[in-house]
Amino acid sequence: MKYFDPHIHMLSRTTDDYENMAAAGILGVVEPAFWQGQPRTQVGTFIDYYDSLIGWEHFRASQFSIRHYCTMGINPKETNNVEMAAEVMKL
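Here this note's numbering runs 5 ahead of the position in the sequence shown, where the first position is 1.
This is the structure in structure tokens:
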């Protein structure tokens, strides 16, 4: 049987997890952007994080024939800084 995981955070997982997922029949995943545990204070930290999702994680998944998709956004916990949130939404 083949599977698609619609919500998983692979950034914090090892390549062993990708290997096990592929062996279990997972063909694709969606990784939503998430809150890092504390508010980010610079737009550049969002850029770095988003780049890792669309670049590095896509590459890691492809090594195991898993299609990696991601969603981007800003967590409400990080919108208190209105100016920074507005800049992030322009990305």
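Don't be surprised by glycine CBs; every beta carbon is placed ideally from N, CA and C.
Asked                                                                                                                                                              : Found
Could you say if the segment 81-90 and the segment 55-73 meet the contact criterion of at least three C-beta pairs nearer than 8 Å?                                : no
With 16 other CB atoms within 10 Å as the buried threshold, where does histidine 73 fall?                                                                          : buried
Can you name, in chain order, every residue of its own chain whose Cβ lies under 7 Å from the Cβ of phenylalanine 51, other than the five neighbours on each side? : Arg45, Val93, Leu96
Answer with buried or exposed for methionine 6, where buried requires no fewer than 16 other C-beta atoms within 10 angstroms of its C-beta.                       : exposed
In the DSSP assignment, what are the bridge partners of histidine 73?                                                                                              : Val34
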